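Numbering (my numbering), first residue to last: 2 to 631. Presented below is the structure to which this report refers.
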């Protein structure tokens, strides 16, 4: 951090806001830093052991965020921060104690520009930066809600959960004889006007949204000491975050895991539909995450914690977000909601200039552009919830706060399949579309996101992903499984010798085809047998006595086509120099007999004999056979 007077003061105020320093420690460090122009307040706090390194990094990150928000104008940042009631008290107190004239004058100027923070504790006033998020014309509670309801109707049984703003108790409703959840503001937050108003707004907005997916509010009242509380349904079950963790860590066969995935997706569908209802009423949640979704034991899916809700005001027929005054910002980790000015960092769900939980907030939320928030911002958070459902980790889960915000603002979301391979491509496309950098590139409504989740579960194409042709073929095959199986049987049958599809033919047709095939096979076998006999006759012809030759020739005539190749091969044989006289005589006899057998098929028999037997000496019997053939 550049060591400058104004920056040191900004650093000190943010550290006071986060309850990391008290006023005496801040005053001592500011004085020391003022005397050393080479060191910033951050180094002084580190050297004196007043802050730990990660705390300095946290405050430095917030300083940078505020500067970016206000165009690196330190004076604007200080004015915006000091407009908040808690910080205005620090400004006024430090202004009386600090001795450095320039710093004291700056604090005095800031104090004069800041409205008075004092207000009676028992007065609940619909004003302040948090009240710009919802209508505040009717925040005063009716007289019957004070004391009487809390003392007589609801009996607190035990503490159930504790957050940064309130604590939830299991209570018993004496009138309706049932267990309920009673949430009351924490004692240390009760004196903060903004915290009290935020608490009441959470109750009001939750009570106004009547939907099966939103926890119903039964009553709103004040304790005798003026602390507000409200009563809602007590949910027995677990959070969506716990269900996701169990799904990714528990063993199971692929079939069981596929069923669990579809069950979780149906839960997320319910969340989308409930958020779509809230959007139809002009309400943004602004802190959607798996921890804020409760799953009942009997299939209920309920969205809780509407403490950061924002009402979209009407302008003609269009809903436009109200402009929200700047609110302080800080956070401990990407998984925690950014804190409110009145509470220590890390105490749970809180609100600031940058509202929401960094790992799930939209880019416009991460930039602190509260006037640009729209239903698309909640849709981004739904996409981030789907991201955790698919991968088991929130987006940028292993990153620091600053890295998470930077990645969110730039849209550098790692693909879910890079975190956990094997995620179906259509679901990944749905997730990335919901988490698109530009709001106009996301789903047009939460119901559109719910419909794509439903399409995937029904094995239908999703709008966020263009399917390759092979995917369409697979889907057709899955839908027409019987036809595919029948086609496979037919293809297998066609490869067989009979070449028939017995499944598509009657029994009589199958028998007829079988008989025909058998007849054809018998004919083929007979033809082959005849051919073998004909070749045997050729062998007999070559070595038969002259008297038997005419008979053999007559028997060969019906099989001329089959025996001709063999006869021509014999006729083409020539004597070898090493042949014996007996071998030469036998080969001459074979050539003569082959010529006799082929003679009847020749158009010019004399030419045929002259070319084939010109140099061959014929026996008298052979001469007689030749004469008879001619």
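Yeah, the Cβ is synthetic: ideal placement off N, Cα and C, and Gly gets one too. Computed from a predicted model, the values in this text were never measured in an experiment.
Are the Cβ atoms of residue i and residue j separated by less than 8 Å?
i, j, result
"residue 240", "residue 169", "no"
"residue 307", "residue 203", "yes"
"residue 571", "residue 586", "no"
"residue 229", "residue 200", "yes"
"residue 384", "residue 436", "yes"
"residue 369", "residue 70", "yes"
"residue 424", "residue 391", "yes"
"residue 269", "residue 386", "yes"
"residue 458", "residue 266", "yes"
"residue 52", "residue 19", "no"
"residue 179", "residue 154", "no"
"residue 13", "residue 33", "no"
Express the C-alpha separation of residue j and residue i in angstroms, rounding to a whole number.
i, j, result
"residue 271", "residue 451", "8 Å"
"residue 29", "residue 198", "34 Å"
"residue 566", "residue 484", "50 Å"
"residue 43", "residue 6", "12 Å"
"residue 399", "residue 360", "10 Å"
"residue 388", "residue 242", "12 Å"
"residue 463", "residue 421", "21 Å"
"residue 442", "residue 431", "12 Å"
"residue 496", "residue 254", "38 Å"
"residue 364", "residue 67", "16 Å"
"residue 74", "residue 82", "13 Å"
"residue 220", "residue 236", "16 Å"
"residue 260", "residue 248", "10 Å"
"residue 569", "residue 522", "30 Å"
"residue 590", "residue 529", "28 Å"
"residue 418", "residue 301", "30 Å"
"residue 393", "residue 492", "45 Å"
"residue 72", "residue 79", "13 Å"
Would you list the residues sitting across from residue i in a DSSP beta bridge?
i, result
"residue 300", "The partner list for residue 300 (beta bridge, DSSP) is empty, contrary to what the question assumes."
"residue 156", "173"
"residue 185", "168, 230"
"residue 311", "285"
"residue 218", "233"
"residue 238", "297"
"residue 180", "173"
"residue 162", "169"
Check the C-beta distance from residue i over to residue j and give it rounded, since I have them as a contact under 8 Å.
i, j, result
"residue 382", "residue 440", "Their Cβ separation, rounded to whole angstroms, is 12 Å, which puts residue 382 and residue 440 out of contact at 8 Å."
"residue 234", "residue 182", "7 Å"
"residue 217", "residue 245", "About 25 Å; that fails the 8 Å criterion."
"residue 402", "residue 62", "6 Å"
"residue 60", "residue 15", "5 Å"
"residue 215", "residue 303", "7 Å"
"residue 448", "residue 277", "4 Å"
"residue 184", "residue 167", "5 Å"
"residue 206", "residue 284", "6 Å"
"residue 210", "residue 258", "With a Cβ gap of about 34 Å, residue 210 and residue 258 do not count as contacting."
"residue 367", "residue 410", "5 Å"
"residue 584", "residue 574", "Contact doesn't hold; Cβ gap of about 11 Å is too wide."
"residue 161", "residue 171", "5 Å"
What do you get for residue i, buried or exposed, if any count of 16 or more other CB atoms within 10 angstroms of its CB means buried?
i, result
"residue 527", "exposed"
"residue 9", "buried"
"residue 299", "exposed"
"residue 50", "exposed"
"residue 288", "buried"
"residue 378", "buried"
"residue 76", "exposed"
"residue 434", "buried"
"residue 592", "buried"
"residue 395", "buried"
"residue 57", "buried"
"residue 330", "Note on residue 330: pLDDT 34, under 50, position unreliable in the model; the coordinate value appears next. Result: buried."
"residue 415", "exposed"
"residue 158", "exposed"
"residue 520", "exposed"
"residue 190", "buried"
"residue 305", "buried"
"residue 11", "buried"
"residue 408", "buried"
"residue 54", "exposed"
Establish whether the CB of residue i and some CB of chain B are separated by less than 8 Å.
i, result
"residue 154", "Here chain B cannot be found, since the structure has a single protein chain."
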